[in-house]
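One structure is given below, encoded as structure tokens.
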Amino acid sequence: MLLSGSLWHNWPVGSRTPRRHAPIHLAHLSIFNTIIKYCSSSVQTVIGHATRPSTCCYHATTAARISAESVRFHPRMTPETSPSTSFEQSLARRNDLVQQREALSHEIVAVSRALNATRPINQLPKETLAEIFHHFQVRRDFSFEKNKWYTVAAVCKHWYEVANSCASLWRRMQYDTHSGLSIANEFSMGSSGASLLREWGRPAFTWAPVDTAMLNRRFDVQYHRLHTAVCTYEDNFRRLFERYAPLTELLELKCDNVSLRNDEGYIDPEFHDPDDLDFSDRYREALQLPVDPTLFPRLRYLSLITASIKPNLVPLPSLRRLQLSDCVRMTISMDEFLAFISGCTALEELYLRTFRPADPAFPGVAWDWDQGSGEPLTSITLPTTLKKLYIHDFPPFTARMLEGMAVSKSTELTVSVNADADSDDDAYDFTVDPPLYTALPKKRAHMDVLHGVKTVHVRFDTPAVYRIVARTGQEHSPITIAADVPSSTSVSQDYLPDIFADLVELYGSEPITDLTIVAPNTKLWKEVEDTDWADVLRAFPQLERLGVLFHSDDRLPLADEDDPLMTLISVLGGSQEDEDELCPKLECLTLHSSDVKPSASASRTEQIVNCLRSRKARGHPLHRLSVVHERNSESVKDLIRAEMEHINSTLRITISSAKIVISFAAGPTEEELNMDEWDDLAVPRLMRLKIAMDIYAITGDTESILIMFSARSESSTMTMVVYLSLCSSPWFSLSKMRSSEHT
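full-length UniProt numbering applies: residue 1 is where the sequence shown begins, and numbers increase by one.
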């Protein structure tokens, strides 16, 4: 009433109230009175009924809404039609009401905060809220975007203050090219100097970044599609790097194939070039990373996927790990890249997968692997800190890359040959897969890692693809040369790898003492002749231990003429007329073949006995023989036991029966071992277990293997599982353990 009286008090005496404005004035009077009523009632309710937060919040919200409506300047009210005698007085009165509304709003907010503080959800400790925020930050399901956790922090001011006080929450962010700089600034301030992880582009759920626990600062870049002009992208790219490059220790730049179509599905005319059909490569070349220690003073890990490097590389003294994948058309030369690698003195790991710098040896035409091309490269000495070197490509490209690198013995070298016959790479055209030894350069004098090899293991991953693992000694890292086939590609069964040529060409001049071949019994071995085995054994005169283990790729027993071991045993036995003794230092022989027919088993046993007699007569007896038969082991035992005194009284013989089935698939090799019977020679049980372990340890190549063996007595069956770590990770698993009453 005080408000309405003051308004009518200033109205001129005798003046006539315009009828068209009378409803408006009465409405405003009603609004003003309602404001006072609701404000008074809300304050009284807050003070008197603090235990009813819902009623309080309702009155406070209603009062704020009405006050906001009351101060809105009505479009029909002008100075001429205003009931006030003075426009300045009306404006002053309006400003007074605004101040009253602001004061009332602050009071309402203060009371609301006091009430919110009493709610259980706002009484959670800061540590608990931080854990909740971290939970939303690391989620990976499709129902919740992993980096949108800050939407949860907007529930109330208390949660927002807790989120701002936790710097670790602002380490990881994901932004796009449209709002990247603004979000980057917010996260940079929120992190308060903590380690950073940034992702650029659309979230890729199939791409998992490297573990963040071992890194101090991270800078991840994901870029999947160009939606703007190349020049705009380069500008944003440069601005981001200039800001965050000094703090970057890990950088991953990934550029997938670009899409030239806009949101409507039409090709953008700005990018269209009728004479250039290879659009992806043209835009990929725009993603060139400047590598300079002044720009990245702390860079330790660098990964480029389908991206390029700007010319004029400068070595990075702090770089420890470098990965270059699918960088086919590079802007740097081979000599420049080799000089860059030699200057990275702290480099520990180097991964090159389909990485091809500009090289005159590859002018873009098909490569003939049997003929050299290009000028010879001057080999550079790799850093002494380099522990792992991985190269994957077609044989001529890997050989060319290794031609310029002097690899030491302390480096673990892995050369993976691309055996994908269905590859669409037009830079390499072949009709017949080249031998595996062509993946190394013809001149290898500068590669110390390939010299002094003593142990060689050949293992087949599929019936047509295999790997050769070599070691110079137990203290040195292994050298692996393998054929790599993608899981989606099936290699033709008609392709027969020539492992004999690979062994002779790779390690024919090395002092090999251990040779193990683990392979399936395919038609490859059925076509092997005596001269093939003779050439391999003649190339390794220092051989002391030989293990040949063939596994059947079918369930049918082999006939005598199909037994792959018959040829090897015949060559090892030789004759008195042979001029050259094969493997004169051979002491240990392990033979394991597929299931054969009874007639073939008898022939094989007789051949083994003749081999032992022949080598004993020529002065080169064996000291250890391990033979694994899948059936008819009793007849083999009886025959060899009867001949033991005539062959060699000190010979240690182990004959066991086992059934091994290998199933080759697109994934890793799986093996199933079911031990049925063990030798019953006059040795203690533990000795039998040790002998059995020796047999199957050699079948596992130099990898880590899981061995299961059992020994039976009259009262119980003992089953043991041993995890034998010979090198790295297991490559087969044993299943179907025998159940027993006593374990």
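Ideal Cβ placement from N, Cα and C applies to all residues, glycine included.
- Apart from the 5 residues on each side of it in sequence, P584 sits with its Cβ closer than 8 Å to the Cβ of P541 and H620 in its chain, given in chain order.
- Rounded to whole angstroms, the gap between the alpha carbons of T411 and K388 is 5 Å.
- Nearest C-alpha to I309 among P290, E544, G547 and L316: P290.
- Assigned with DSSP and collapsed to three states, S626 falls in strand.
- Taking a 10 Å sphere around the C-beta of V518, we find 16 or more other C-beta atoms and assign the residue as buried.
- Rounded to whole angstroms, D326 and D448 show a C-alpha spacing of 28 Å.
- When DSSP reads this structure, G547 sits in a beta bridge with T516 and T590.
- DSSP places K388 in the strand class (E or B) of the three-state scheme.
- Non-local beta-carbon contacts of D532 in its own chain, meaning distances under 6 Å to residues more than five positions away in sequence, involve F500 in chain order.
- I305 has K254 and S325 as its beta-bridge partners, per DSSP.
- Put simply, the backbone Cα of E510 is about 25 Å away from that of L377.
- When the Cα atoms are used, E336 and A346 turn out to be separated by approximately 18 Å.
- For Y507, the uninterrupted alpha helix (DSSP H) segment begins and ends at I499 to Y507.
- With distances taken between CA atoms, T513 lies nearest to H457 out of G574, D535, H457 and M566.
- Rounded to the nearest whole angstrom, the C-alpha separation of L586 and G508 is 17 Å.
- Excluding residues up to 5 positions away in sequence, L352 and I391 lie with their Cβ nearer than 7 Å to the Cβ of M401 in the same chain.
- Residue pairing from DSSP leaves V536 without any beta-bridge partner.
- A straight line joining the alpha-carbon of T381 with that of P315 spans about 14 Å.
- L295 is a Cβ neighbour of P246, given a cutoff of 9 Å.
- Counting along the chain, no alpha helix (DSSP H) covers V291, and no H or E run does either.
- Listed in chain order, the non-local C-beta contacts of E348 below 6 Å within the same chain comprise R320, T385 and K387, local neighbours out to five positions each way being set aside.
- When the alpha-carbon of P357 is set against those of L549, P125 and T331, the nearest one is in T331.
- Around the beta-carbon of H106, fewer than 16 other beta-carbon atoms lie within 10 Å, marking it exposed.
- In this structure L543 does not touch L589 by the C-beta definition: roughly 10 Å separates them, more than the 8 Å allowed.
- DSSP, reduced to helix, strand and coil, places D359 outside both helices and strands of the structure shown, so it counts as coil.
- D359 is classed as buried because its beta carbon has at least 16 other beta carbons within 10 Å across all chains shown.
- Where Y466 is concerned, the enclosing beta strand (DSSP E) starts and stops at V465 to R471.
- Taking a 10 Å sphere around the C-beta of A445, we find fewer than 16 other C-beta atoms and assign the residue as exposed.
- Listed as beta-bridge partners of I380 by DSSP are M405.
- Measuring C-alpha to C-alpha distances from L304 to each of L350, R298 and S318 identifies L350 as the nearest.
- When L582, R604 and E581 are compared, the shortest CA-CA separation from L591 is found for R604.
- Under the three-state reduction of DSSP, T455 is assigned to strand.
- Non-local C-beta neighbours of L129 in its own chain, meaning closer than 7 Å and more than five positions away in sequence, comprise W159 and V162, ordered along the chain.
- In this structure P434 is not in contact with E403, their Cβ atoms being roughly 16 Å apart against a cut-off of 8 Å.
- With a 10 Å radius around the Cβ and a threshold of 16 neighbouring Cβ atoms, G547 comes out buried.
- Residue pairing by DSSP puts R353 in a beta bridge opposite S325 and H392.
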